[in-house]
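Going letter by letter, the sequence shown gives residues 1 to 482 in full-length UniProt numbering. Here a beta-carbon is modelled for each residue, glycine too, at the ideal position from N, C-alpha and C. These notes concern the structure reproduced below.
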Amino acid sequence: MVPDNSLFIGGRWIAPTDRETVPVVNPATGATIGSIVDGEQSDVDAAFAAARDALPGWSATSPGNRADLLDSLADTIHDHADELAVLASTEIGMPIAESRAGQAALPEAVLRSTADIARSMKWEYLDASGSTVIREPVGVVLGITPWNFPVHQIVAKLAPALAAGCTIVLKPAELTPLNALFLAGLCATAGIPSGVVNVVTGRGSTTGEKLVRSTDYDLVSFTGSLAVGRHIGSVAGDRVVRATLELGGKSPAVVADDADLEIAVRTTVKNCFTNAGQKCNAPTRLIVPEIDRARATEIAVSAARDYVLGDPLDAATTMGPLASPAQRDKVLGYVAGARSRGATVSGGEPLHGLFVRPAIITDVAEDDPVARDEIFGPVLVILGHRGDADAMRIANDTPYGLSAEVWSSDVVRASNLARQIKAGQIRINGVRTPQPPIAPFGGYKASGLGRELGPFALDEYLEVKAVLGNHVSGEEASCAQQ
Numbered sequence: 001m002v003p004d005n006s007l008f009i010g011g012r013w014i015a016p017t018d019r020e021t022v023p024v025v026n027p028a029t030g031a032t033i034g035s036i037v038d039g040e041q042s043d044v045d046a047a048f049a050a051a052r053d054a055l056p057g058w059s060a061t062s063p064g065n066r067a068d069l070l071d072s073l074a075d076t077i078h079d080h081a082d083e084l085a086v087l088a089s090t091e092i093g094m095p096i097a098e099s100r101a102g103q104a105a106l107p108e109a110v111l112r113s114t115a116d117i118a119r120s121m122k123w124e125y126l127d128a129s130g131s132t133v134i135r136e137p138v139g140v141v142l143g144i145t146p147w148n149f150p151v152h153q154i155v156a157k158l159a160p161a162l163a164a165g166c167t168i169v170l171k172p173a174e175l176t177p178l179n180a181l182f183l184a185g186l187c188a189t190a191g192i193p194s195g196v197v198n199v200v201t202g203r204g205s206t207t208g209e210k211l212v213r214s215t216d217y218d219l220v221s222f223t224g225s226l227a228v229g230r231h232i233g234s235v236a237g238d239r240v241v242r243a244t245l246e247l248g249g250k251s252p253a254v255v256a257d258d259a260d261l262e263i264a265v266r267t268t269v270k271n272c273f274t275n276a277g278q279k280c281n282a283p284t285r286l287i288v289p290e291i292d293r294a295r296a297t298e299i300a301v302s303a304a305r306d307y308v309l310g311d312p313l314d315a316a317t318t319m320g321p322l323a324s325p326a327q328r329d330k331v332l333g334y335v336a337g338a339r340s341r342g343a344t345v346s347g348g349e350p351l352h353g354l355f356v357r358p359a360i361i362t363d364v365a366e367d368d369p370v371a372r373d374e375i376f377g378p379v380l381v382i383l384g385h386r387g388d389a390d391a392m393r394i395a396n397d398t399p400y401g402l403s404a405e406v407w408s409s410d411v412v413r414a415s416n417l418a419r420q421i422k423a424g425q426i427r428i429n430g431v432r433t434p435q436p437p438i439a440p441f442g443g444y445k446a447s448g449l450g451r452e453l454g455p456f457a458l459d460e461y462l463e464v465k466a467v468l469g470n471h472v473s474g475e476e477a478s479c480a481q482q
C-alpha cells in the first residue's frame with residue numbers, strides 16, 4: 001500500500017521520476033527500508049489544488065456522514081493495526097508494545113471519539129439574542145507532523161480537520177514518512193473522497209518550507225520544535241492565517257512529602273523513558289523533597305538499569321534506539337556537558353549504533369542546560385525542593401508549559417498543586433491518557449498555541465459565523481434549493 005517514491009495527491013499515487021529521493025532508515029539496524037520523494041513546488045501546488053477542489057463537496061457533506069467516514073477509517077486502522085505498529089517500530093525504533101498502544105490503538109480511539117463529538121456538536125443554533133450561530137470549516141489545512149509519534153500525531157490533526165469539514169495536505173517528518181503514506185492508503189480504503197487527504201513528502205528545509213510559504217492554505221497545524229514553530233507562526237502571522245502550534249516541553253513531576261516515593265519515582269522513570277524519551281510531554285524533571293533526593297536517585301537508577309535495549313520488534317525489548325545520529329549526538333552532548341560541570345550521572349553511555357543507555361542526573365543546578373532544555377532523549381534530571389511553595393517555583397521555572405505530573409496521597413493537596421502549575425495538562429498520581437482520549441492537550445507559554453483532542457481540537461478547525469435577523473436553518477435552505 002506504500003509505493004516507492006510516491007506522493008498521494010487527489011486520491012492517486014503519483015510517482016515523479018525527476019525528483020531527488022530521501023532514504024528511510026531503520027534506526028535500530030541502520031538498514032534502508034524505503035525511500036521518498038523530496039517534493040518540489042509543482043507537487044506542493046498540485047496537493048493544495050486537489051485539497052481546494054475537494055473542499056466544496058466535503059464541507060457540504062453532513063457532519064453525521066463525515067463522522068461515519070471517520071468511524072470507517074477507525075475500522076480500517078483496526079484491521080491493519082499490526083501492520084501499522086510494525087511499520088512504526090521499524091521507522092522510529094519504538095518498542096512494539098508501545099507502537100501497538102500509541103500508533104494503532106490510540107489513533108483508532110481518537111478517530112472514534114472525534115466522530116462522536118461531531119455527531120453531538122451544535123453546528124447551528126440560536127443564541128440568547130436570537131442570532132443564528134453557525135460553525136463552518138476554516139478551509140484547506142496544512143498539517144506538519146513530527147517523527148516521534150508518527151501515526152498518532154497525524155490522526156490528532158486529521159480527525160478534527162475532517163470532522164470539521166476541512167480538507168488537508170499532510171507533510172510527515174522525513175524520518176518517518178512511510179506511516180503517513182500507509183495511512184493515506186487506508187483513507188482511500190475507508191471511502192474518504194479523493195482530494196480530502198493528500199500527502200506530500202520531503203525534507204523540512206525544502207518541501208516543508210515550500211508548503212509553509214504557500215498562499216494556498218487557510219490554517220497550518222504544526223507539531224515539532226520551538227524554533228521551527230516560531231518560524232511557521234511568523235509566516236502564518238504575516239498572512240493573517242491561523243496557526244496551531246504544539247511545541248516543546250520540559251515537564252516537571254512534582255513529588256510531595258506525603259507521596260509514596262517508590263511508586264512515584266518508578267512511574268516517573270517509566271513515563272519519562274517512553275519511546276526512549278523522545279516524547280514532548282515526557283516528565284524529564286523529577287522534583288522531590290530534598291531530604292529524599294538521594295533515595296529517589298537510588299530508586300531511579302535501579303529502575304533505569306532494568307531497561308532492556310534491543311530489537312524494537314522483540315517483545316522483550318523495553319527501549320529502542322534514538323531516531324537518528326543527530327539525535328544520539330545531541331543526547332550524548334547534553335550528558336557529557338552535565339558531567340563536565342560536576343553533575344552526578346548514572347548511565348548515558350553510548351552503545352552500538354543509535355542505542356544509548358538511559359541517564360539519571362542529579363547534583364545539578366536548576367539553571368543547568370540539562371534542567372532547562374528539551375533534550376528529547378532518555379535523560380531524567382532529579383532536583384530537590386524544600387516544601388510545596390519551592391516545588392511550585394521550580395516546576396514553573398521554565399519557558400515551557402506543556403505537561404506536568406503531581407504526586408501526593410492527599411487529593412486536595414494534589415489538586416491545589418495542579419492548579420498552581422502553568423501547564424496545559426496536569427497528571428495526578430500517574431494517570432495517563434484517559435479513555436476516550438478527549439482531554440484537551442496543548443501548552444502554555446512557549447509550548448505552543450491551541451489544543452488537540454476532544455471538542456477543543458474541533459474548534460481549532462472551525463470558523464464561527466453569526467447571522468443576525470430572520471434566518472432559516474441549513475436544512476431548510478438546502479431543501480428550498482432542491
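Asked	Found
In whole angstroms, what separates the C-alpha of Thr61 from that of Gly165?	8 Å
Tell me whether the beta-carbon of Gly442 lies closer than 8 Å to the beta-carbon of Gly454.	no
Within the continuous alpha helix (DSSP H) that includes Asn65, where are the two ends?	63-79
Roughly how many angstroms separate the alpha carbons of Leu449 and Ala163, rounded to a whole number?	20 Å
Which residue comes first and which comes last in the alpha helix (DSSP H) that contains Phe8?	Looking at the DSSP string, Phe8 is not in any alpha helix (DSSP H); the run it does join, the beta strand (DSSP E), is 7-9.
Could you check if Lys122 is buried or exposed, using at least 16 other CB atoms within 10 Å of its CB as the buried criterion?	exposed
Tell me which same chain residues have a C-beta within less than 6 Å of the C-beta of Arg242, skipping the five on either side of it?	Leu219
Does the stretch 253-265 come within contact of the stretch 404-412, defined as at least 3 CB pairs closer than 8 Å?	yes
According to DSSP, is His352 helix, strand or coil?	coil
Would you tell me roughly how many angstroms separate the C-alpha atoms of His471 and Gly10, rounded to the nearest one?	36 Å
Quick one: Cα of Asp45 to Cα of Ala466, how far?	33 Å
Ile144: buried (16+ other C-beta within 10 angstroms of its C-beta) or exposed?	buried
Can you give the Cα-Cα distance for Lys279 and Glu374, rounded to whole angstroms?	10 Å
According to DSSP, Trp407 sits in a beta bridge with which residue or residues?	Val255
Can you look up Pro23 in the DSSP assignment and give me helix, strand or coil?	strand
Candidates Glu366, Pro321, Leu226, Ala276: which alpha carbon is nearest Ile287's?	Glu366
Let me check one thing: in DSSP terms, what residues is Leu178 bridge-paired to?	Leu178 is not bridged to any residue.
Taking Cβ positions, are Leu402 and Gly249 nearer each other than 8 Å?	yes
Have a look at Lys445 and Pro399 and give me their C-alpha separation to the nearest angstrom.	6 Å
When DSSP labels each residue in this structure, what does Leu142 get in the three-state scheme?	strand
Determine the DSSP secondary structure at Arg427, reduced to helix, strand or coil.	strand
Where do the N-terminal and C-terminal ends of the alpha helix (DSSP H) with Arg328 fall, by residue?	325-340
Quick check: what's the CA-CA separation for Gly64 versus Pro434?	25 Å
Output the distance between the C-alpha atoms of Thr114 and Ser120, rounded to the nearest integer angstrom.	10 Å
With DSSP as the reference, label Ser221 as helix, strand or coil.	strand
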